[in-house]
Amino acid sequence: MVTGAVFIATIIIAVYVSGGEIIRYEVAGWPPPWGIEIVVESLSSLMIMLLSGVYLLILIYSFSAAKHELESKAIGWYYTALLLCLAGMMGLVISNDIFNFYVFIEVTGISACALVAAKGTRQATEAALKYILLATLGSGFILFGIGFLYMITGHLNLTFIAEEIVLVKDSYPFLIWTALSFFIVGFGVKSALFPLHLWLPDAHSSAPSPSSAILSALVVKVYIIAFLKILMIAFGLEVFNETYIRHLIIILSTVAMIAGSLFAFVQIELKRRLAYSTVAQVGYIYLGIGLGTPWGIAAGMLHILVHAFMKTCLFLCAGSIYYQTGFKKVNQFSGMGYKMPITMGAFTVASFSMVGIPLFGGFISKYGLALGSLEANMPALILVIVLSGLLNASYYFPIIGQAYFSQDSIEHGHGHNEQGHDDQKQDSKQFKLDQVPLSMLVPIIILALGIIGLGIFPGAVLDFINQTIMRLLIIHH
């Protein structure tokens, strides 16, 4: 109920600010730069609406999934960590104070670690430990970046930092690109930008399926949005385009798009394949930022939105298949398209979108990145986008082909759960699968329809994002 109420509130806020209005709130009545300021503009409203909407679907899905994947004693604090993570992410998006960025980053990171460790298995505990160690390293780099910005400008409020940067950028160029360097490393670790992604595969594959969806679809994106706000509001595109950081981001993003897909191709376990796919998709988003043009950034933002739908759908489908069969490996999906037609239908829709097939949301964002590459006079990047799409097809299409076109039936329905207990073997001729509970099925269907809707009717969303980018650039610079 709480998340549903939050989602309704974010819709109202998004409608209110869609005309260019900005909501400002001074915490405890202290005006900036002395006090903490909360600001909701078009970018923030879009993100908090996305966060709360997708989170609501994941929570509904969790009603049945959590009981299956977690011990009963862990469910209560699991939901506590879920809501705490949502609060941290939303606070990070709407804060206009970079030190409070750091506070909300820690809230999000700690609660996300709890979500990874929720199963209580040795594998989950090790993955959570690796995550928290690397996340702490990323937080340290971000804190250094904040310190450099404060040293340069004397402010922590983004608006006042932007005003001061314009005056001192020619006097302290070294400090400015040093601060940017710390931010890209820190947020790169947090958002799993290759090669700073080492925590991600184990965390995604060890966590419960709803947690995996939250980590991949939302948590890593929130850190990218935080970096984008610092970049566009505090520094401005003009300063960004004058530093080497832009070219570094383009290099890292293109490598991520290819390397992430190659790593995904060789994974046998479905959730690890989806995890490495996230590494590649993060590369697409950073490519849009690195292009440094309005079209590029808008396409990157659109991919944040589309990927949230796609990857949530894929992870929830993986969780549903595990719920019914105990299957985790991609070579166990023979005939699954006929045994679980709705689940696999949604999986197919999300996979087509990940590849970038027309009429699906992923095509629109990738097409936008191609236009952004032309706008930035970097047409060679289009080849990287196409190659990455082909690699995506190489590890998604075999799953779909096996599910629908393989002649082999599911062998004995032999599954294996986290506690190590084998499910009872059944004869393949008698083995019949029903669809999962409605609380798990409805969110998957909504996400699949959203992917198709974004692919067929992208105009309104694209216009909103383009207006958001232009307003940010005009207001702050």
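Residues 952 to 1428 in our numbering are what the sequence shown spells out, letter by letter.
Glycine included, each C-beta is placed from N, C-alpha and C at the ideal position.
Note that the structure is predicted; figures quoted are calculated from it, not measured.
Please confirm if the stretch 1402-1415 is in contact with the stretch 1037-1054, defined as three or more CB-CB distances below 8 Å between the two stretches. Because the criterion of three Cβ pairs below 8 Å is not met, the stretch 1402-1415 and the stretch 1037-1054 do not touch.
Comparing alpha-carbon positions, which option in Pro1388, Ala1185, Ser1167 lies nearest Thr1110? Against the sequence shown, residue 1110 aligns to sequence position 159. Here the closest residue by C-alpha is Ala1185.
Just verifying my parser: in three-state terms, what is the DSSP assignment at Ser1046? Position 95 of the sequence shown holds residue 1046. In this structure, Ser1046 counts as strand in the three-state DSSP scheme.
CA-to-CA distance, Ala1269 to Ser1228, given in whole angstroms: The residue given as residue 1228 occupies position 277 in the sequence shown. The residue given as residue 1269 occupies position 318 in the sequence shown. When rounded, the distance between both Cα atoms is 14 Å.
Near Cys1264, which residues of its chain fall below 8 Å by C-beta distance, leaving aside the five closest residues on each side in sequence? Within the sequence shown, the letter at position 313 stands for residue 1264. The residues are Ala1297, Phe1298, Val1300, Ala1301, Ile1395, Leu1398, Ala1399, Ile1402.
Given a cut-off of 8 Å, decide if Gly1071 and Val1058 are closer than it, judged by their beta-carbon atoms. Sequence index remark: in the sequence shown, residue 1058 carries index 107 (1-based). Sequence index remark: in the sequence shown, residue 1071 carries index 120 (1-based). No; because the gap between Cβ atoms is not below 8 Å, this pair is not in contact.
By the 10 Å Cβ neighbour count, where 16 or more other Cβ atoms means buried, how is Lys1180 classified, buried or exposed? In the sequence shown, counting from the first residue as 1, residue 1180 sits at position 229. Around the beta carbon of Lys1180, 16 or more other beta carbons sit within 10 angstroms, so the residue counts as buried.
Considering only the beta carbon of each residue, do Thr1294 and Gln1353 sit closer than 8 Å? Along the sequence shown, read from residue 1 onward, the residue named residue 1294 stands at position 343. Along the sequence shown, read from residue 1 onward, the residue named residue 1353 stands at position 402. Contact: no.
Quick one, which of Ser1162, Val1337, Leu1338, Asn1282 has its alpha-carbon nearest Ile1350's? Here the question's residue 1350 lines up with position 399 in the sequence shown. The shortest C-alpha separation from Ile1350 is found at Asn1282.
Val1119 - DSSP class collapsed to helix/strand/coil: Translated into positions along the sequence shown, residue 1119 becomes position 168. Correct three-state label for Val1119: helix.
Compare the C-alpha of Ala1113 against each of Leu1341, Val1173, Tyr967, Leu1182 and name the closest. Stepping through the sequence shown from its first residue, residue 1113 is reached at position 162. Measuring from the Cα of Ala1113, the nearest candidate turns out to be Leu1182.
Is the stretch 965-981 in contact with the stretch 1009-1028, if contact means three or more CB pairs nearer than 8 Å? no
Leaving out five residues before and five after Ser1324 in sequence, what residues of the same chain have Cβ atoms less than 7 Å from its Cβ? Position 373 of the sequence shown, counting from 1, holds the residue named residue 1324. Here the set comprises Leu1242, Pro1330, Leu1332, Ile1333.
Within the stretch 1052-1088, note down every full alpha helix (DSSP H) run reaching 4 residues or more, in order along the chain. none
Ser1304 versus Ala1063: straight-line alpha-carbon distance, rounded: Numbered from its first residue, the sequence shown carries residue 1304 at position 353. Numbered from its first residue, the sequence shown carries residue 1063 at position 112. Between Ser1304 and Ala1063, the C-alpha separation is close to 27 Å.
Secondary structure of Ile987, DSSP reduced to three states: Numbered from 1 along the sequence shown, position 36 holds the residue referred to as residue 987. Here Ile987 sits in coil by DSSP.
Tell me whether Val1337 is buried or exposed, calling it buried when 16 or more other Cβ atoms sit within 10 Å of its Cβ. In the sequence shown, residue 1337 corresponds to position 386, counting from 1. Exposed: under 16 other Cβ atoms inside 10 Å.
Rounded to whole angstroms, how far is the Cβ of Val1306 from the Cβ of Gly1340, which I believe are closer than 8 Å? Indexing the sequence shown from 1 puts residue 1306 at position 355. Indexing the sequence shown from 1 puts residue 1340 at position 389. By a beta-carbon distance limit of 8 Å, Val1306 contacts Gly1340. Their separation comes to about 6 Å.
Below 8 Å CB to CB, which residues in the same chain sit around Ile964 once its five sequence neighbours on both sides are set aside? As a position in the sequence shown, residue 964 is number 13, starting the count at 1. Hits under 8 Å: Ile974, Val991, Ser996, Ile999, Met1000.
For the 8 Å Cβ check, are there 3 or more pairs between the stretch 1134-1153 and the stretch 1251-1265? no
Which term fits Gly986, buried or exposed, when burial requires 16 or more other beta carbons within 10 angstroms of its beta carbon? Position 35 of the sequence shown, counted from the start, is the residue given in the question as residue 986. By the 10 Å Cβ count, Gly986 comes out exposed.
Residue range of the unbroken beta strand (DSSP E) whose run includes Ile974: Counted from its first residue, the sequence shown places residue 974 at position 23. Element bounds for Ile974: 974-977.
In whole angstroms, what is the alpha-carbon distance linking Pro1124 and Leu1151? For this step, residue 1124 is matched to residue 173 along the sequence shown. For this step, residue 1151 is matched to residue 200 along the sequence shown. Taking the straight line joining both Cα atoms gives about 34 Å.
Helix, strand or coil for Asn1417, going by three-state DSSP, please let me know. Mapped onto the sequence shown, residue 1417 falls at position 466. Residue state, collapsed to three classes: helix.
N- and C-terminal bounds of the alpha helix (DSSP H) containing Pro1152: Stepping through the sequence shown from its first residue, residue 1152 is reached at position 201. Here the alpha helix (DSSP H) through Pro1152 covers 1151-1157.
Can you tell me the Cα-Cα spacing of Thr1076 and Val1067, whole angstroms? Counting from 1 along the sequence shown, the entry for residue 1076 is found at position 125. Counting from 1 along the sequence shown, the entry for residue 1067 is found at position 116. One C-alpha to the other measures close to 8 Å.
Please report the residue range of the alpha helix (DSSP H) in which Lys1180 lies. Along the sequence shown, read from residue 1 onward, the residue named residue 1180 stands at position 229. Where Lys1180 is concerned, the enclosing alpha helix (DSSP H) stretches over 1171-1180.
Exposed or buried, Leu1100, counting other C-beta atoms within 10 Å across all chains shown (16 or more means buried)? By 1-based counting over the sequence shown, the position of residue 1100 is 149. Leu1100 is classed as buried because its beta carbon has at least 16 other beta carbons within 10 Å across all chains shown.
How long is the line joining the alpha carbons of Gln1032 and Gly1288, rounded to whole angstroms? Translated into positions along the sequence shown, residue 1032 becomes position 81. Translated into positions along the sequence shown, residue 1288 becomes position 337. Note on identity: in this sequence residue 1032 is Ala, with Gln being the wrong assignment. Near 34 Å, if we compare the C-alpha coordinates of Gly1288 and Ala1032.
For Lys1262, the three-state DSSP class (helix, strand or coil): Mapped onto the sequence shown, residue 1262 falls at position 311. Looking at Lys1262 - three-state DSSP - the assignment turns out to be helix.
Selected residue, minimal CA-CA separation from Phe1356, among Phe1408, Ile1315, Lys1290: What you label residue 1356 is simply residue 405 of the sequence shown in a count that begins at 1. With distances taken between Cα atoms, Phe1356 lies closest to Lys1290.
Quick check: the Cα distance between Ile1026 and Tyr1053, rounded to an integer number of angstroms? Indexing the sequence shown from 1 puts residue 1026 at position 75. Indexing the sequence shown from 1 puts residue 1053 at position 102. Those two C-alpha atoms are separated by around 28 Å.
Residues in the same chain with beta-carbon distance under 8 Å from Val1173, minus the five sequence neighbours each way, listed in chain order, please. Here residue 1173 is taken as the residue at index 222 of the sequence shown, counted from 1. Shown here for Val1173: same chain residues with a beta carbon closer than 8 Å to its own, the five before and five after excluded, namely Met998, Leu1002, Met1040, Leu1043, Val1044, Thr1059 in chain order.
For Ser1015 and Met1261, believed in contact at Cβ under 8 Å, the rounded distance: As a position in the sequence shown, residue 1261 is number 310, starting the count at 1. As a position in the sequence shown, residue 1015 is number 64, starting the count at 1. No, Met1261 and Ser1015 are not in contact; Cβ-Cβ is about 22 Å, not under 8 Å.
Verify whether the separation of the beta carbon atoms of Ser1271 and Tyr1237 is less than 8 Å. Counted from its first residue, the sequence shown places residue 1271 at position 320. Counted from its first residue, the sequence shown places residue 1237 at position 286. Not closer than 8 Å, so no.
Top-ranked residue by Cα proximity to Ile1416, from Pro1292, Ser993, Phe958, Ile1061: Locating residue 1416 in the sequence shown gives position 465, counting from the first residue. It is Ser993.
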